[in-house]
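Single-structure report; data block below.
Residue numbers (our numbering), protein chains in the order written: chain Y, 1 to 249; chain Z, 250 to 483.
Following this line, the structure appears as structure tokens:
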């Protein structure tokens with residue numbers, strides 16, 4: 001099995017409706033650390049993940065994976081996962097079936113995944129009637145069953161309560177320990193501190209800082225990142241005021 | 250007025266007494282329309298879903314055509330199928346004209362565009378919700394077609410229902426290709442037309458009542474199924 005990493009982004013831009021939402025983004029993701037993509041709402045975090053995952057195409061620049069057919073070796077968990085109108089077990093089974101896994105093997109994997117995510121007792125329930133927390137666990141079970149080498153998570157706990165958030169974070173941690181490369185977005189500073197090995201700080205579609213987590217949280221270089229880490233609610237004023245000064249009124 | 254009330258009474262007597270002539274007509278009607286709808290669904294649903302998910306040259310033209318075909322006049326379809334199946338027509342050798350099979354063919358032509366067009370709408374709406382998730386899991390449009398048809402099964406019931414409504418209610422196509430032959434191709438709508446013109450209001454009314462009840466019953470069943478499914482599957 002050849003690795004699909006490193007993932008390389010070279011001057012990637014994404015434009016929609018005449019606005020550049022991702023601007024000249026370059027980075028290289030190697031195997032190993034858990035990357036947290038941090039930034040306020042509308043910074044372009046979700047877009048960045050979708051670009052990397054291949055759901056949308058960059059309007060400029062290149063995204064390069066290694067090896068053949070990198071699509072099948074990566075997965076994504078969305079903020080609001082879409083559950084198929086079938087049972088919990090059938091939802092996990094679906095992705096495996098798409099990969100052409102034989103049925104006996106599928107059964108074993110589905111059962112294993114439901115066990116690991118604590119959903120076994122709900123196996124025959126329709127997936128759509130589960131709580132948000134359970135649905136997100138199911139989304140993780142579904143993607144975990146595919147054993148992705150890289151997993152993108154787009155604010156997976158944004159609409160969950162602390163208990164469900166904790167459960168989801170534990171599952172992410174378990175996948176990381178099994179060797180899945182985690183790339184996750186959040187705007188929750190506490191969560192970023194709990195999970196991150198390294199942080200990408202994004203603002204208005206630009207990568208402003210990319211640093212190991214301990215250094216980023218202790219003393220970020222970028223002034224916007226500093227304000228963000230200090231938890232200043234109006235930290236974005238920094239940028240605005242500066243522009244306001246340079247702009248003739 | 251007395252004539253009307255007598256006709257109603259006679260009609261109910263026919264229904265309650267399970268009049269064999271009436272039962273024969275009702276059974277043939279169901280056979281033709283349900284058969285036609287089943288075939289039309291088997292063709293129309295995949296076609297509708299494919300039009301919803303694939304982008305290809307001429308797609309817009311096909312969309313317009315599908316929507317236009319929803320309003321096909323049954324007599325025109327009847328005429329067309331008649332020309333195809335008549336002795337001199339391209340399929341004349343099969344000797345299908347004035348058989349229930351000919352009626353099914355005509356109704357399939359009428360109903361398939363309806364089911365296809367309504368399916369396209371349902372599947373297109375679902376795709377908006379599902380696209381990223383399915384693509385992320387590895388399902389392109391080709392794999393998504395069966396998945397979405399299955400996930401939209403309860404909404405698609407409405408499409409099938411609309412098709413059944415059309416098939417069971419139309420008279421123009423089946424009377425041209427079936428010929429309204431007693432014991433062979435006489436269905437509810439053609440019998441009503443004939444009996445009314447003959448002045449036998451009792452049989453016509455009896456059939457009318459059954460047709461209405463059927464339409465109501467099928468719709469109620471579909472509604473309840475959808476409601477139940479909504480609660481059960483979310």
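We put the CB at the ideal spot given by N, CA and C, even for glycine.
Query	Result
Let me know if residue 388 of chain Z comes out buried or exposed under the rule of 16 or more other beta-carbons within 10 Å of its beta-carbon.	buried
Determine whether the beta carbon atoms of residue 217 of chain Y and residue 193 of chain Y lie at a separation below 9 angstroms.	yes
Between the Cα of residue 68 of chain Y and those of Y:187, Y:230, Y:3, spot the shortest distance and give me the residue it belongs to.	Y:3
Here's a check: name, in chain order, each residue in its chain whose Cβ is nearer than 6 angstroms to the Cβ of residue 244 of chain Y, leaving out the five neighbours to either side.	Reliability of the predicted coordinates at residue 244 of chain Y is poor, the pLDDT of 40 falling under 50, and the value obtained from them is presented with this limitation in mind. There are no such residues.
Taking 9 angstroms as the CB-CB cut-off, is residue 488 of chain Z touching chain Y?	Outside the modelled stretch of chain Z, which goes from 250 to 483, sits residue 488 of chain Z, for which no answer is possible.
Use the C-beta contact count for residue 415 of chain Z: other C-beta atoms within 10 angstroms, 16 or more gives buried, fewer gives exposed.	buried
Can you list, in chain order, the residues of its chain whose CB lies under 8 angstroms from that of residue 420 of chain Z, leaving out five sequence neighbours each side?	323, 438, 439, 441, 442
Give the straight-line distance between the Cα atoms of residue 447 of chain Z and residue 260 of chain Z, rounded to the nearest whole angstrom.	16 angstroms
Rounded to whole angstroms, what's the CA-CA distance from residue 473 of chain Z to residue 467 of chain Z? Just pull it up for me.	10 angstroms
Using the Cβ count rule (16 or more neighbours within 10 Å means buried), how would you classify residue 394 of chain Z?	buried
Count the other CB atoms within 10 Å of the CB of residue 45 of chain Y; is the residue buried (16 or more) or exposed (fewer)?	buried
Can you list, in chain order, the residues of its chain whose CB lies under 8 angstroms from that of residue 426 of chain Z, leaving out five sequence neighbours each side?	327, 330, 331, 334, 346, 347, 351, 352, 354, 355
Give me the Cα-Cα distance between residue 104 of chain Y and residue 206 of chain Y, rounded to the nearest whole angstrom.	47 angstroms
For residue 10 of chain Y, which residues in the same chain have their Cβ closer than 6 angstroms to its Cβ, ignoring the five residues on either side in sequence?	26, 61, 62
State buried or exposed for residue 50 of chain Y, treating a residue as buried only when at least 16 other CB atoms are found within 10 Å of its CB.	buried
Roughly how many whole angstroms lie between the Cα atoms of residue 484 of chain Z and residue 449 of chain Z?	Examination of residue 484 of chain Z is not possible in this model, given that chain Z is present from 250 through 483 alone.
Tell me which same chain residues have a C-beta within less than 6 angstroms of the C-beta of residue 471 of chain Z, skipping the five on either side of it?	406, 410
If the cut is a Cβ gap below 7 angstroms, which residues of chain Z does residue 76 of chain Y touch?	385
Counting only beta-carbon atoms, is residue 304 of chain Z nearer than 9 angstroms to chain Y?	no
At the 9 angstroms Cβ level, is residue 373 of chain Z part of the contact set with chain Y, yes or no?	no
Looking at the secondary structure, which residues open and close the beta strand (DSSP E) in which residue 199 of chain Y lies?	198-203
Among residues of its own chain, excluding the 5 on either side of residue 195 of chain Z, which ones have a beta-carbon nearer than 6 angstroms to its beta-carbon?	The question about residue 195 of chain Z has no answer here: the residues shown for chain Z are numbered 250 through 483.
Pull out every residue of the segment 400-420 of chain Z whose Cβ sits closer than 7 angstroms to any Cβ of chain Y, in chain order.	400
Which residues in chain Y have a C-beta closer than 7 angstroms to the C-beta of residue 388 of chain Z? List them in chain order.	98
For a contact defined as C-beta to C-beta under 8 angstroms, what are the partners of residue 118 of chain Y on chain Z?	Those do not exist, as residue 118 of chain Y stays about 20 angstroms from chain Z at its closest Cβ, beyond 8 angstroms.
To the nearest angstrom, how far is the alpha carbon of residue 226 of chain Y from that of residue 213 of chain Y?	13 angstroms
If you measure from the beta carbon of residue 16 of chain Y to each beta carbon in chain Z, is any gap under 9 angstroms?	no
Quick check: the segment 146-161 of chain Y against the segment 172-186 of chain Y, are at least 3 beta-carbon pairs closer than 8 angstroms?	yes
With residue 435 of chain Z as the anchor, note down where its alpha helix (DSSP H) starts and where it stops.	Per DSSP, residue 435 of chain Z belongs to no alpha helix (DSSP H) and is neither H nor E.
Could you tell me the distance, in whole angstroms, from the CA atom of residue 71 of chain Y to the CA atom of residue 37 of chain Y?	21 angstroms
For the pair the segment 303-310 of chain Z and the segment 369-388 of chain Z, tell me if three or more CB-CB distances fall below 8 angstroms.	no
Following the continuous alpha helix (DSSP H) through residue 15 of chain Y, name the residue where it begins and the one where it ends.	Taken as a continuous stretch (DSSP letters only), residue 15 of chain Y belongs to no alpha helix (DSSP H), being part of the beta strand (DSSP E) at 7-16.
Shorter than 9 angstroms from the beta carbon of residue 245 of chain Y to some beta carbon of chain Z?	Confidence at residue 245 of chain Y is low in this model, with a pLDDT of 39, below 50, so the placement of that residue should be treated as unreliable; the coordinate-derived value is given next. Residue 245 of chain Y does not count as touching chain Z.
With distances taken Cα to Cα, identify the nearest neighbour of residue 139 of chain Y among Y:40, Y:168, Y:232, Y:54.	Y:168
Assuming contact is defined by CB atoms lying nearer than 9 angstroms, are residue 98 of chain Y and residue 90 of chain Y in contact in what I supplied?	no
Looking at residue 277 of chain Z: is its Cβ nearer than 9 angstroms to the Cβ of residue 435 of chain Z?	yes
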